[in-house]
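Below: one structure, written as structure tokens.
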Amino acid sequence: MYDELTQVDIDKMKEEITYRKTVLRPKLIEDVQIARGFGDLSENFEYKCAKRDKNRNDSRIRYLERMIATARVIDGGSGGEGIGLFDKVTMFNEKLQKEQTIQLVTTLRQNPLKGLISKESPVGKALLGHKAGERVEITVSPEMKYTVEIRTVEKGEDDASMDISAY
Numbered sequence: 327m328y329d330e331l332t333q334v335d336i337d338k339m340k341e342e343i344t345y346r347k348t349v350l351r352p353k354l355i356e357d358v359q360i361a362r363g364f365g366d367l368s369e370n371f372e373y374k375c376a377k378r379d380k381n382r383n384d385s386r387i388r389y390l391e392r393m394i395a396t397a398r399v400i401d402g403g404s405g406g407e408g409i410g411l412f413d414k415v416t417m418f419n420e421k422l423q424k425e426q427t428i429q430l431v432t433t434l435r436q437n438p439l440k441g442l443i444s445k446e447s448p449v450g451k452a453l454l455g456h457k458a459g460e461r462v463e464i465t466v467s468p469e470m471k472y473t474v475e476i477r478t479v480e481k482g483e484d485d486a487s488m489d490i491s492a493y
């Protein structure tokens with residue numbers, strides 16, 4: 327399986343890998359060596375913490391490299407008349423009687439707390455291609471469905487200002 331990512335996503339991941347390998351990794355290795363000098367490793371909390379931080383950094387590097395290797399690069403433009411990637415959508419949830427504004431993004435940049443919703447999520451999949459004024463049924467699971475009315479669509483573009491998620 328692959329993730330659909332924009333070239334900006336790939337570039338951001340490459341930048342992070344470079345930073346982690348050239349700046350962070352040497353510092354973390356040094357921290358491990360310093361902590362090792364504090365004495366018995368079985369009771370050395372500083373050593374365990376330094377080792378954990380180094381391993382987390384190495385894990386993140388592997389994760390990013392795997393994401394790049396398996397990614398399928400897609401166009402970052404919104405394109406077409408319907409809702410597309412990076413568009414801001416204001417919708418009215420008929421069940422909750424509540425209006426909400428979200429922005430459709432790639433899975434790497436999703437952050438539901440900030441209204442950044444993956445185009446691969448049930449909401450994202452349901453909204454893609456639709457237009458303002460349309461009613462769309464969103465299926466979260468076979469038992470959980472709700473309808474939203476698309477109020478406005480503001481075309482967006484991949485401006486690289488959104489951070490990539492930590493994991």
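Residue numbering for the sequence shown follows the numbering used here, beginning at 327 and increasing consecutively.
Idealized CB from N, CA, C, for every residue including glycine.
Here the structure is a predicted model, which is why all the values come from computation and not from measurement.
Can the beta-carbon of residue i be found closer than 8 Å to that of residue j?
i	j	result
residue 430	residue 383	no
residue 402	residue 334	yes
residue 473	residue 460	no
residue 357	residue 379	yes
residue 434	residue 490	yes
residue 387	residue 347	yes
Are the C-beta of residue i and some C-beta of chain C separated by less than 8 Å?
i	result
residue 447	Here chain C cannot be found, since the structure has a single protein chain.
Distance check for residue j and residue i, CA to CA, integer angstroms please.
i	j	result
residue 478	residue 492	30 Å
residue 409	residue 363	58 Å
residue 365	residue 375	14 Å
residue 372	residue 332	40 Å
residue 337	residue 418	35 Å
residue 368	residue 466	48 Å
residue 468	residue 457	25 Å
Residues in its own chain within less than 8 Å of residue i by CB, not counting five upstream and five downstream?
i	result
residue 443	428, 429, 430, 431, 436, 449 and 450
Quick one: what's got a C-beta closer than 7 Å to residue i's C-beta in the same chain, skipping five residues either side?
i	result
residue 487	none
residue 339	390, 393, 394 and 490
residue 361	370, 372, 373 and 376
Let me check one thing: in DSSP terms, what residues is residue i bridge-paired to?
i	result
residue 472	464
residue 398	330
residue 442	429 and 437
Residues in its own chain within less than 6 Å of residue i by CB, not counting five upstream and five downstream?
i	result
residue 440	none
Does the stretch 393-400 touch the stretch 412-420, meaning 3 or more C-beta pairs lie closer than 8 Å?
no
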